[in-house]
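Peer 1:
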Amino acid sequence: MNRPPRVRFAPSPTGRLHIGGARTALFNWAFARRHGGAFVLRIEDTDFERSTREFERAILDGLAWLGIRWDEGPDVGGPHAPYRQSERLARHVELAGNLRSKGLAYACFCSSERLEALREQQARDKSRQAYDRTCALLSSEQVQARHAAGEKSVLRFKVPSGSTTIQDRVRGEVHFEHADVDDWVMLRSDGLPTYNFVVVCDDIDMRITHVIRGEEHLINTPKQVLLYTALGGTPPEFAHLPLMLGTDGKKLSKRTGDTSLEDYQSQGYPPAAVANFLCLQGWALDGSREIFTLEQLVANFALEDVSKGGAIFDLDKFRWLAGEYVRQETVPELAKHCAPHVIAAGLASASELEQRHAWFEQVVACERERIHTYAELPGRIAWLFCTDQDLAFDAKALEAARKHAQAPQTLREYATWLTATLASSPSKDELRTAMKAWVAARGLKLPALFQPLRLAITGQAGGLDLVDAMELLGHEQSLARIELGARRLAG
RNA sequence: GGUCCCAUCGUCUAGCCCGGCCUAGGACACCAGGUUUUCAUCCUGGCGACAGGGGUUCAAAUCCCCUUGGGAUCACCA
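Numbering follows my numbering, in which position 336 of the first sequence is assigned residue number 337; successive positions increment by one, without gaps.
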C-alpha cells in the first residue's frame, strides 16, 4: 500500500444503526487509522420513501457515541462533497448515459410479468437465475422506435464474457464466471439509478481504495468490479467481513434479539464495552486479552486477521464484558452514568439526586459489583426509594426469613439493642462486630438475624452489606422497617 | 435449485498463510470448592473442540481433494 487508504462506511438512513453495521464502521475506521488513511461517511439515501434525516442523525450520533470519528461526511463536509447520495444524482445519470452511448449498457423493455415468468421457468429448470438478454439483441432502430412509442424501459449493464477473480483481504481468492453474473439493472424505469450502480460511481469519485463491508455483498462484487472497468476506474481492494449471526445461526435479525445500537445504548451498556465487544465478534487482539481499548485495536488491526466464519452474537459474554467496564469506572463516573436510568425508572427526580449527590454516590459504591449495565441499577436500589409500606418482599427472601421460627421476636429485640447501641455512635465496623457478638451471645447462628433483617430492610434475598444498607436508608427508617418486618413475619 | 462463502470446546476465539514447540491455549457460560451476614465481586479447580473420509509427508488442526453440514445471495431494496 503506497498511498494512504481511503475507506468508507455507507449506511442507509432507513432505520436505526444495525449492530452489524456498527462493527463494519468500526473495522473501517480502525483500518483507516491504522494506515494513516481517511474514513469517509456517506449516506445512501436513494430510497426516498424510507430515508429520513432523523435516522441519519441517529446513525451519526450512534457512531460518535461508540468513539468513531469520521474525516469526511455529510455534517463535516470534505473534498468530495456532497456526501449524501441523493445529492449526487445528476452525476449518476450522466455516467449511466456514458455507458449507454458506449454500448456497455442497453435498454430493456421487458415487463415485470415477463421477468417473473422467466424466473419461474429458470427455477423449474434448476438453471441459472439471470436475465435472458432478449432486449440486448434489439437494434438501435428498434430501441428508438419503442422509446418514441413511449414504452418504459430500464437500463441494464451488459456483462462481458470471461471471468473475474478478486483478491479478498479476508477470504483470499474468489472466482466468478461472468456467465453466472446477471445483466443487472443500472437505471430504473423512472430514470433513477440502483444501488449497485451508484455505489461504484461514488466510490470512484471519492477515491475509495478499500471496500470493507459485510459478506452479504460478496456476491455483488463481480458486478461492481466489471462496472469499475467499464467506467474506466481501477477496482479497489475488497474485504468481506463475516456476518453477525443470531442464536439461530442466521443473519442477525430482530427475531432473535436486539439488533440496533440504540437498544444497547438505552440498556445502559458502556460505549467502550460495546465497541470492545463488537471487535471480539470476528477479530481478536491476540487470543488471550479480551479487554482492550480502541487505541489497541487501531495499533493491531489487520484485515487478514479477521475471521472468515460468521459469529453468533454472544449476549452472555457481552454482559460480562459490560460489567468489567462498569467496575473500571470510578464511583463518581458510574453515578453520573447511572443517574439518568434511575430517573427514567421513576425512582427520583434529577434535582432530588443532585441534592443527595454524596448519598447517591455511596449507593452506587455499594452496588457497583452487582451490576453489568447502568440500567440494572434502579431495579437493585428501588427499596431505598419506596415507602416502608410499599416495600415488596421477594418470595425467596421471605422463605429464607421464615425458616427462623423466632424471627419476629429476634427482630424486635435486635431493634431495642440497636437503638441503645446507636447512642454511642459506633463506626460501621464496630457495629458489624457488635451485631455478630450480639447474635452469638443469644446462642443463634448469624442467618437467624441477618435473613429476617435483610428482608425487613431491603425485601431482597441477597445484596449489599446490611450495615451499609441501614445507613443508606437512615437508622430511623431502618428501625421502622424492622418493626414493620417483625409484624409482617408474625402475621 | 443456481452462484458464492464458511467449518477448532455449547458460545466468542488463538493456533492455520510460513506442517513438527499442540497430550490444541485464552475468554464467556456451566459445575465444584474457597472468601462473605447473603447476593455479587474476587481466587482455585473441573467439564469441554480440530465435522467425516481420502490423500501428500518422516510428521497435518495446519497443505490438497471429496463428502457432509451451515450460511449468504438470486428485485426496477440497499
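Think of the CB as a built atom: it goes at the ideal place given N, C-alpha and C, for glycine as much as any other residue.
In this structure, how does DSSP classify D46 when only helix, strand and coil are distinguished?
Peer 2: DSSP places D46 in coil when its eight states are reduced to three.
Peer 1: Rounding to the nearest angstrom, what Cα-Cα distance links R101 and A376 in this structure?
Peer 2: One C-alpha to the other measures close to 57 Å.
Peer 1: Classify L96 as helix, strand or coil using the three-state DSSP reduction.
Peer 2: If DSSP states are grouped into helix, strand and coil, L96 belongs with the helices.
Peer 1: Keeping to the same chain, check which residues put their C-beta closer than 7 Å to that of W1; ignore five residues upstream and five downstream.
Peer 2: As shown, the chain starts at 2 and ends at 492. That puts residue 1 outside it, with no answer to give.
Peer 1: Report all residues from its chain with a CB closer than 8 Å to the CB of Y84; omit the five preceding and five following residues, and keep chain order.
Peer 2: Within the same chain, Y84 has close Cβ partners V41, L42, R43, I44, E73, G74, P75 and G78.
Peer 1: Near S162, which residues of its chain fall below 7 Å by C-beta distance, leaving aside the five closest residues on each side in sequence?
Peer 2: Only H179 meet the Cβ criterion.
Peer 1: Please report how far the alpha carbon of A421 lies from the alpha carbon of F361, in whole angstroms.
Peer 2: Approximately 28 Å between the Cα atoms of the pair.
Peer 1: So, with DSSP's three-state summary, where would you put D169?
Peer 2: D169 falls in the strand class under three-state DSSP.
Peer 1: Okay, do the region 262-269 and the region 293-304 touch, 3+ Cβ pairs below 8 Å being the bar?
Peer 2: Output reads no: the region 293-304 does not touch the region 262-269.
Peer 1: Could you tell me the alpha carbon to alpha carbon distance between E1 and A149, rounded to whole angstroms?
Peer 2: The structure shown does not extend to residue 1, since the chain spans only 2 to 492, so no value can be given for it.
Peer 1: Beta-carbon separation of G258 and F314 under 8 Å?
Peer 2: Their beta carbons are under 8 Å apart, which means G258 touches F314 by this criterion.
Peer 1: With three or more beta-carbon pairs closer than 8 Å as the criterion, would you say the region 337-356 touches the region 212-231?
Peer 2: No, the region 337-356 is not in contact with the region 212-231.
Peer 1: Does the separation of the CB atoms of L227 and H241 fall below 8 Å?
Peer 2: Going by C-beta atoms, L227 is not nearer than 8 Å to H241.
Peer 1: Is the beta carbon of E472 less than 8 Å from the beta carbon of K437?
Peer 2: No, Cβ-Cβ distance for E472 and K437 is not below 8 Å.
Peer 1: Can you say whether T434 is buried or exposed, counting buried as having 16 or more other CB atoms within 10 angstroms of its CB?
Peer 2: Per the 10 Å Cβ criterion, exposed.
Peer 1: Look at V200 and F239 and say whether their C-beta atoms are less than 8 Å apart.
Peer 2: Against a cut-off of 8 Å, the Cβ pair of F239 and V200 comes out as no contact.
Peer 1: Relative to the C-alpha of H476, which candidate in L490, R290 and L432 has its C-alpha closest?
Peer 2: Closest option to H476, Cα to Cα, is L432.
Peer 1: Could you check the C-alpha separation between R89 and A359 for me, to the nearest Å?
Peer 2: About 55 Å.
Peer 1: CB-CB under 7 Å to L399, same chain, minus the five flanking residues each way: which ones, in chain order?
Peer 2: Answer for L399: L456, listed in chain order.
Peer 1: Of the choices R4, L279 and F386, whose alpha-carbon is the least far from that of G38?
Peer 2: Answer by Cα proximity: R4.
Peer 1: Are R403 and A487 closer than 8 Å when you measure CB to CB?
Peer 2: No, they are not a contact pair.
Peer 1: Compare the Cα-Cα distances from T135 to each of S479, T25 and C111 and report the closest residue.
Peer 2: The option with the nearest alpha carbon to T135 is C111.
Peer 1: Straight-line CA distance for L27 to L335?
Peer 2: Spanning the two alpha carbons is a distance of roughly 25 Å.
Peer 1: Bridge partners of E174, per DSSP?
Peer 2: E174 is bridged to Q168.
Peer 1: What does the alpha-carbon distance come out to for the pair S352 and I344?
Peer 2: So the alpha carbons of these two residues sit roughly 10 Å apart.
Peer 1: Identify every residue that forms a DSSP beta bridge with F158.
Peer 2: According to DSSP, F158 bridges with A106.
Peer 1: Using three-state DSSP, classify K404 as helix, strand or coil.
Peer 2: Coil, per DSSP.
Peer 1: Identify, in the order they occur along the chain, each residue of the same chain with its Cβ nearer than 6 Å to the Cβ of S13, setting aside the five sequence neighbours on each side.
Peer 2: Same-chain partners within the cutoff: E45.
Peer 1: Going along the chain, which residues of its own chain have a beta-carbon closer than 7 Å to the beta-carbon of M2, five neighbours each way excluded?
Peer 2: Confidence at M2 is low in this model, with a pLDDT of 48, below 50, so the placement of that residue is unreliable and no value is reported for it.
Peer 1: Closest to K397 by C-alpha separation, out of G68, T459 and L116, would be which residue?
Peer 2: Comparing Cα-Cα distances from K397 to each of G68, T459 and L116, the minimum goes to T459.
Peer 1: In three-state DSSP terms, what is A398?
Peer 2: In this structure, A398 counts as helix in the three-state DSSP scheme.
Peer 1: Based on Cα-Cα distance, which residue from F302, W439 and A408 lies nearest to W284?
Peer 2: When only C-alpha atoms are compared, the closest one is F302.
Peer 1: Run the CB neighbour count on Y47, radius 10 Å, all protein chains shown included, and call it buried at 16 or more, exposed below.
Peer 2: The residue asked about is misnamed: residue 47 is Thr in this sequence, not Tyr. The residue is buried, with at least 16 neighbouring Cβ atoms inside 10 Å.
Peer 1: Rounded to whole angstroms, what's the CA-CA distance from T388 to G347? Just pull it up for me.
Peer 2: Spanning the two alpha carbons is a distance of roughly 14 Å.
Peer 1: Helix or strand or just coil, what does DSSP make of M2?
Peer 2: Annotation note: pLDDT 48 at M2 (below 50); position unreliable, coordinate value reported separately. Of the three classes helix, strand and coil, the one that applies to M2 here is coil, per DSSP.
Peer 1: Am I right that V327 and R369 are in contact with their C-beta atoms under 8 Å? What's the rounded C-beta distance?
Peer 2: Yes, they are in contact, since the Cβ atoms of V327 and R369 sit about 7 Å apart, within 8 Å.
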